[in-house]
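For the sequence shown, our numbering assigns the number 634 to the initial residue and increments by one for each residue that follows.
Beta carbons are placed, not taken as given, at the ideal position from N, Cα and C, and that holds for glycine.
Every value quoted in this text rests on a predicted model; they were computed, and no experiment measured them.
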Amino acid sequence: MILLVIDMQKGLADEELYAYDTFTERTAQLVDVARKNGVEVVFVQHDAGPGSGMSVGDEAFEIIDRIAPKEGEKVFIKTINSCFGNSDFKQYMKHQTDRRLMIIGLQTNYCIDATVKSAFERGYEVIIPEGTNSTFDNDYMSAETTVRYYNEDIWEGLADIVSFEEAIALLRK
634 MILLVIDMQK
644 GLADEELYAY
654 DTFTERTAQL
664 VDVARKNGVE
674 VVFVQHDAGP
684 GSGMSVGDEA
694 FEIIDRIAPK
704 EGEKVFIKTI
714 NSCFGNSDFK
724 QYMKHQTDRR
734 LMIIGLQTNY
744 CIDATVKSAF
754 ERGYEVIIPE
764 GTNSTFDNDY
774 MSAETTVRYY
784 NEDIWEGLAD
794 IVSFEEAIAL
804 LRK
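See the structure below:
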């Protein structure tokens, strides 16, 4: 299994996210448990382009300190929503024998959704732990409704939505 941590960047991980405290605590716990149990942790960062304030070299681009990559952990940069839009990431994943991806991070209705669908289309077993993806309110739905809509409806049949406790147990195997 690979724990795929998407867009946990300083410019996105802010207190306006739905269930911010629970979300960030659970994300950090999963990263810690994965590391302690020899589960590979792979990070992906979104580069919104030069001048956006969230591009390589910008403070907002950096992964939050609480889960910052350790030496030797893979970090990929993407410029579109799906992680599979990065050819290096796609090539790296193609060579992995374990086809299980536990996906956590930001934002539920953008990069998490696009990556879940791309991974499913490529034959990966996708695992989404409860409370480990989040987003902001938008013009159409509250952040809470958005998170529930994707986790309880949109990803049905594409991903296994597991309890946080189940996710911890999976990482300890």
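- Annotation: the continuous beta strand (DSSP E) that includes Lys707 extends over Lys707 to Lys711.
- DSSP, read as helix, strand or coil, puts Gly718 in helix.
- Taking C-beta separations shorter than 6 Å and ignoring five residues to either side along the sequence, the partners of Gly686 in its chain run Ala693, following chain order.
- For Val666, the secondary structure class from DSSP, reduced to helix, strand or coil, is helix.
- If you compare the alpha carbons of Asp721, Arg733 and Phe676 with that of Gly705, the shortest gap goes to Phe676.
- Taking a contact as a CB-CB distance under 8 Å, the pair Asp731 and Ile794 does not count as one, their CB atoms being some 20 Å apart.
- Annotated three-state conformation of Phe769 is coil, per DSSP.
- Bounds of the alpha helix (DSSP H) holding Ile801 are Phe797 to Arg805.
- Contact between Val664 and Ile700 is confirmed by a C-beta separation of about 5 Å, below the 8 Å threshold.
- Proximity to Met726 across Trp788, Glu785, Lys707 and Thr741 peaks at Lys707, based on C-alpha coordinates.
- For Arg781, the enclosing alpha helix (DSSP H) begins and ends at Ala776 to Tyr782.
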